[in-house]
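Heads up: the protein sequence lines correspond to chains C and G, in order.
Going by UniProt numbering, the residue at position 111 of the first sequence is 111; the numbering climbs one at a time, nothing skipped.
Going by UniProt numbering, the residue at position 44 of the second sequence is 44; the numbering climbs one at a time, nothing skipped.
The structure under discussion appears below in the form of structure tokens.
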Amino acid sequence: MEIKTTNLQKAYRKNYAIQDFTLDLEGEKIIGLLGKNGAGKTTFMRMLAGHFQPTNGQLTINGQTPFNHYDVTKNICLVMESNNFNNKFRVKDILEISAKFYPNWDHEYAERLRQVFRLKEKQKIKTLSKGMYSALGIIVGLSSHAPITIFDEPYIGLDASFRSTFYDLLLESYQKNPRLIILSTHLIDEVSNLFEEVVIMQEGKLLLHDTVDHLASKHLVLSGNKEKIDQLTNGLDILHQSSMLGQKTVVLYDELVEETDGVDVSKSTLQELFVYLTKEEVNTHA
Amino acid sequence: MTERLQEDKPIFQQIAEMVETNIVEGELVANDKIPSTNEFAKHYQINPATAAKGINLLVDQEIIFKKRGIGMFVSENAKEIVLHKRKERFYDQYVKPMLQEASRIELTTEQLTEWIKEDYQNGN
């Protein structure tokens, strides 16, 4: 599957949720979609699923626009953090409706997952706890076997143990049925090892799209004696720095340092990098 | 293989090093089958592509070899290759940082060598 957006825009009245957003995603990969609140992630994912039309620009999936186009949207399963299902239905109904909508639906798998998450067939959606509601979304997403499966913060209310179960299931499902999986999350530390690629959005635009490996090799954390660090990084573009008691730590992105003798060289986690790249500094004027 | 992953090192490298350590310690010997990409991915909750990258690192160094359709196996002289490589890295990875810390805390060379000799005699 190939997702292509060119100068994509989406405005709600005069506010742009997405602006000049250009991105290509393809292949059978697990991709992390990251961004601060309000970065435009959900708007982008909902446009992928054909929920509404772009205000401007192009968005195509295998060359076709998803909006109002069942031939495209039957291949896309979007699980959101809420409002996935009508409250009037029961668990059983949701699974039956999903089976009709998604051509690759795996009935046996859905049944197995329903038992893993201990959902009762006859339970009404209205009476599900937040965690169990999320579990139902996860069941639908995984069982859809949709060539593009998208999870937008799919685990609100789900405890750490069930979240870990979800990661196991996601990998299992991906290995059995390789496809393009997009996972949007704020719990980066928990899932960063699952990603092959990462997309970071900021203020409706693309900030970065890269493989996790490349991102890891592209940055460097140096720490040690402040003077020594300052001398080594003089004139370089520093992504983040902090110092304390004569010691200093700097994070370099896309910079080359040849000599690192006498200082500590390490790597940041994806979550730390994300924070360094997107954080608003709090300026306090004493 | 129950070692945990560390955060400050690329995962694929850690996967490769874990297999290497098993080979050096004799847990894995020539012609033993190593876990598949999917097994690594599942065990460590990592992307299968990452696991594959680690395994390919070992294939490239001829530490393991691929039997098409069957799996990955430890090669005949895997242990030699790993030992050779690790010995070459030993100075940079262990001796140099140790000497740096020793000089920082003003340890004498005599004290250091004495410890090393003692430990070696005690069979460590």
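Glycine included, C-beta positions come from ideal geometry on N, C-alpha and C.
Do F67 (chain C) and A80 (chain C) have their beta-carbon atoms positioned less than 9 Å apart in this structure?
The residue asked about is misnamed: residue 80 (chain C) is Met in this sequence, not Ala. No, the pair does not count as a contact, with Cβ atoms beyond the cut-off.
Applying a beta-carbon distance threshold of less than 9 Å, which residues of chain G neighbour N193 (chain C)?
L5, I11, Y44, Q45, I46, N47, T50
Which chain G residues are close to K228 (chain C), counting only those with a beta carbon under 8 Å from its beta carbon?
Result: empty, since nearest Cβ-Cβ is about 12 Å, beyond 8 Å.
Alpha-carbon spacing of Q9 (chain C) relative to F151 (chain C), whole angstroms
22 Å
At least one CB of chain G closer than 9 Å to the CB of V212 (chain C): is that the case?
Yes - at least one Cβ of chain G is within 9 Å of the one on V212 (chain C).
So what does DSSP say about D60 (chain G), is it helix, strand or coil?
helix
To test your reading of the DSSP string, which unbroken beta strand (DSSP E) runs of 3 or more residues are found completely within the region 215–253 of chain C?
219–225, 238–244, 247–253
Close beta carbons around Y276 (chain C), own chain, < 6 Å, minus the five adjacent residues each side
Closer than 6 Å at the Cβ level, and outside the excluded window around Y276 (chain C), lie L239, H240, V251.
For T2 (chain G), I'd like the list of residues in its chain whose CB is within less than 7 Å of its CB, leaving aside the five on either flank, ordered along the chain.
Only weak support is given to the placement of T2 (chain G): the predicted model assigns it a pLDDT of 49, under 50, and the question is left unresolved by the model.
Applying a beta-carbon distance threshold of less than 9 Å, which residues of chain G neighbour L171 (chain C)?
N38, A41, K42, Q45, I46, N47, P48
Candidates G:P35, G:I23, G:I34, G:I46: closest to Q6 (chain G) by CA position
G:I46
According to the neighbour-count rule (16 or more other Cβ atoms, all chains shown, within 10 Å of its Cβ), is F21 (chain C) buried or exposed?
buried
Would you say Q100 (chain G) reaches chain C, if we count a Cβ-Cβ gap shorter than 9 Å as a contact?
yes
Which bits of chain C does D8 (chain G) rub up against, with CB to CB less than 7 Å?
S266, K267
Determine the burial state of M45 (chain C): buried for a count of at least 16 other Cβ atoms within 10 Å of its Cβ, exposed for fewer.
By the 10 Å Cβ count, M45 (chain C) comes out buried.
Tell me whether N38 (chain G), by its Cβ, gets closer than 8 Å to a heavy atom of the ligand NAD.
With respect to the ligand NAD, the structure shown offers nothing to examine, as it has no ligands at all.
Which one of C:G32, C:G27, C:M1, C:L59 has the shortest CA to CA distance from Q19 (chain C)?
C:L59
Contact criterion: CB-CB distance below 9 Å. Does S217 (chain C) meet it with respect to chain G?
yes
Short Cβ contact (9 Å threshold) for T249 (chain C) with L232 (chain C):
At least 9 Å separates the beta-carbon of T249 (chain C) from that of L232 (chain C).
Just the chain G side, please: which residues come within less than 8 Å of D168 (chain C) by C-beta, in chain order?
K42, Q45
How is the alpha helix (DSSP H) around T21 (chain G) delimited, first residue to last?
That run of the alpha helix (DSSP H) goes 11–24.
Could you please tell me which residues of the region 74–85 of chain G, in chain order, have their CB closer than 8 Å to any CB of chain C?
Taking 8 Å as the upper bound on Cβ-Cβ separation, chain C lies near no residue of the region 74–85 of chain G.
Quick one: is Y155 (chain C) near chain G, going by C-beta distance under 9 Å?
no
Cα-Cα separation between W115 (chain G) and N122 (chain G), rounded to whole angstroms:
11 Å
Starting from K87 (chain G), find everything on chain C with Cβ-Cβ shorter than 8 Å and list it in chain order.
Per Cβ cutoff of 8 Å: no residues; K87 (chain G) is ~22 Å from chain C at best.
Looking at the unbroken beta strand (DSSP E) that takes in N15 (chain C), where does it start and where does it end?
15–26
Apart from the five residues just before and just after V257 (chain C), which ones in its own chain have a Cβ nearer than 8 Å to its Cβ?
L220, L222, L232, T233, L236
Residue interval of the beta strand (DSSP E) (run including S36 (chain G))
Here S36 (chain G) belongs to no beta strand (DSSP E), and DSSP marks it neither H nor E.
Threshold first: 3 residues or longer. Then list the beta strand (DSSP E) segments lying entirely within the region 27–71 of chain C, N to C.
Correct list: 30–35, 56–61.
Under 8 Å by beta carbon: chain G residues contacting I30 (chain C):
N47
Using a Cβ-Cβ cut-off of 9 Å, state whether Q175 (chain C) counts as contacting chain G.
yes
Mind checking K96 (chain G): buried by the 16 CB within 10 Å criterion, or exposed?
exposed
Delimiting residues of the alpha helix (DSSP H) encompassing K87 (chain G):
78–90
Buried versus exposed, by CB contacts within 10 Å (16 or more), P154 (chain C):
buried
Identify the contact partners of K53 (chain G) in chain C, using a Cβ-Cβ distance below 9 Å as the criterion.
D213
Can you tell me which of C:T185, C:V140, C:E197 puts its alpha carbon nearest to the alpha carbon of N91 (chain C)?
Strictly speaking, residue 91 (chain C) in this sequence is Val, with Asn absent from that position. Checking every option, the nearest Cα to that of V91 (chain C) belongs to C:V140.
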